[in-house]
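Please read the structure below before turning to the comments.
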Amino acid sequence: MITLFDRLVAPLLRTLDPEQAHALALAALKRAPLPRPAADSEKLRVQAFGLTFPNPVGIAAGFDKHAEVPDALLRLGFGFVEVGGVTPQPQPGNPRPRLFRLDADQAVINRLGLNSEGVAAVAARLAARSGAPGIVGINIGANKDTVDRIADYVACIEALSAHVNFLTVNVSSPNTPGLRNLQQAAALDELLARVIDARERVAVGAARTPVLLKIAPDLTLGDLDDAVGVARRHRVDGMIVGNTTISRPNLRETEKAKEQGGLSGRPLFALSTRLLAETYVRAEGAFPLVGAGGIDSGAAAFAKIKAGASLVQLYSGLIFRGIGLVRSIKSDLLDFLRIGRMDSLADAVGRDAAEVTAQPWPG
Ligand SMILES: Cc1cc2nc3c(=O)[nH]c(=O)nc-3n(C[C@H](O)[C@H](O)[C@H](O)COP(=O)(O)O)c2cc1C
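Residue numbers (numbering that gives the first Met the number 0): 0 to 362.
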């Protein structure tokens, strides 16, 4: 089924307007009678945030913004699914066109602007699958015109934490003006204090929903020092490194490169992997990291793991490589373990972090 989709449907989708193609892919996933995937090798199993992931390959936020197809995505073989970003109130996002495919660069620029059906609709869908197998988290954000941004995150936590396996605090979307200022030390300190407080308040018994902080790959190292320090002080459960970049590293599609928004896909790999390694050396094992940005092969996924990621996520790679990418990454990871005579991926996490941080800054 997956091979059939990649051979027949995916090339067709790439001829369409990117947002139309995305809607069609979602519609196909809603209807496709996907079989249960083969069980993953035990060697791919990852323990993180108190959860057991069957494999380390997740789908990043933004593909299933309204939690319409988390179970279909799990059936594609992902080890976990992050739905959202969601905002408390429904909002339309930016005017179209707002999603651009840079085929020559295998990259995407988006300025969707956190278009969301709102937390009530998303919570209802997640509640309806509550208790179903598979790890599903939610990416939460703030409404564009909200007065108290932090209150928006708190509202999302109150509505959603009972229905998900983890919560991702997204302070790194470049398309909501001012949102990324929440990464600055004082603002982040207040945000995480209230977020963690809300998480504790709504916890049922000892079951606390893990909270992850997702940062931008555009942070300066000084800002990163602060962000990791604050995250450690508030004992977040993990960090995701990272979101899309506002930089435009060496793109071939020079016209589309001028579009405003966040860049993802292959040209993001080097920068996001550098930030990941920089985060790893600062976190000193206080919490696990999720690596995202430009993963489109098993080698790229393994490089993220060696730079410090316990888990990885991808989105843009699916557009260019198809959904067979998930299976091929998992099989390549098993090969890398065999070649390196390692029993589990945990043995490789962070192995190259020091080396990556010693290289010249990626440009
Ligand atoms: C169309 C699109 C929408 C996205 N929406 C979100 C979002 O709502 N919240 C978020 O934290 N990240 C969002 N992202 C960022 C991805 O989750 C991911 O961090 C980034 O694309 C880098 O991974 P990639 O190179 O594999 O795509 C979005 C990315 C794309 C391409």
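For every residue, glycine included, the Cβ atom is placed at its ideal position computed from N, Cα and C.
The structure displayed is predicted, hence computed values, not measured ones.
Is residue i near ligand 1, in the sense that its beta carbon is under 6 angstroms from a heavy atom of that ligand?
{"i": "THR244", "result": "no"}
{"i": "SER327", "result": "no"}
{"i": "GLY78", "result": "no"}
{"i": "ASN169", "result": "yes"}
{"i": "ASN114", "result": "no"}
{"i": "VAL107", "result": "yes"}
{"i": "ALA306", "result": "no"}
{"i": "ASN138", "result": "yes"}
{"i": "TYR152", "result": "no"}
{"i": "SER296", "result": "no"}
{"i": "LYS143", "result": "no"}
{"i": "LEU267", "result": "yes"}
{"i": "ALA226", "result": "no"}
{"i": "ALA60", "result": "yes"}
{"i": "LYS213", "result": "yes"}
{"i": "GLY292", "result": "yes"}
With residue i as the anchor, note down where its alpha helix (DSSP H) starts and where it stops.
{"i": "GLN19", "result": "17-30"}
{"i": "LEU333", "result": "323-338"}
{"i": "SER271", "result": "268-282"}
{"i": "GLY140", "result": "Element bounds for GLY140: n/a, residue is neither H nor E."}
{"i": "GLU189", "result": "184-201"}
{"i": "ALA47", "result": "Segment 45-47 is the beta strand (DSSP E) holding ALA47; no alpha helix (DSSP H) there."}
Cβ of residue i within 7 angstroms of Cβ of residue j?
{"i": "ASN93", "j": "ARG110", "result": "yes"}
{"i": "LEU270", "j": "PRO132", "result": "no"}
{"i": "GLU277", "j": "THR356", "result": "yes"}
{"i": "ASP151", "j": "ASN164", "result": "no"}
{"i": "SER420", "j": "THR86", "result": "Not covered by the structure: residue 420. The range shown for the chain is 0 to 362."}
{"i": "LEU125", "j": "ALA66", "result": "yes"}
{"i": "GLY264", "j": "VAL107", "result": "yes"}
{"i": "PHE62", "j": "ILE134", "result": "no"}
{"i": "LEU113", "j": "THR167", "result": "no"}
{"i": "PRO91", "j": "VAL82", "result": "no"}
{"i": "LYS213", "j": "SER246", "result": "no"}
Would you identify the three-state DSSP class for residue i, choosing helix, strand or coil?
{"i": "GLN105", "result": "coil"}
{"i": "PHE301", "result": "helix"}
{"i": "ALA120", "result": "helix"}
{"i": "ARG100", "result": "strand"}
{"i": "GLY228", "result": "helix"}
{"i": "SER315", "result": "helix"}
{"i": "SER160", "result": "helix"}
{"i": "ASN180", "result": "helix"}
{"i": "ILE1", "result": "helix"}
{"i": "ALA345", "result": "helix"}
{"i": "LYS255", "result": "helix"}
{"i": "LEU166", "result": "strand"}
{"i": "GLY133", "result": "coil"}
Beta strand (DSSP E) containing residue i: first to last residue?
{"i": "THR356", "result": "Premise fails: THR356 lies in the alpha helix (DSSP H), 352-357, not in any beta strand (DSSP E)."}
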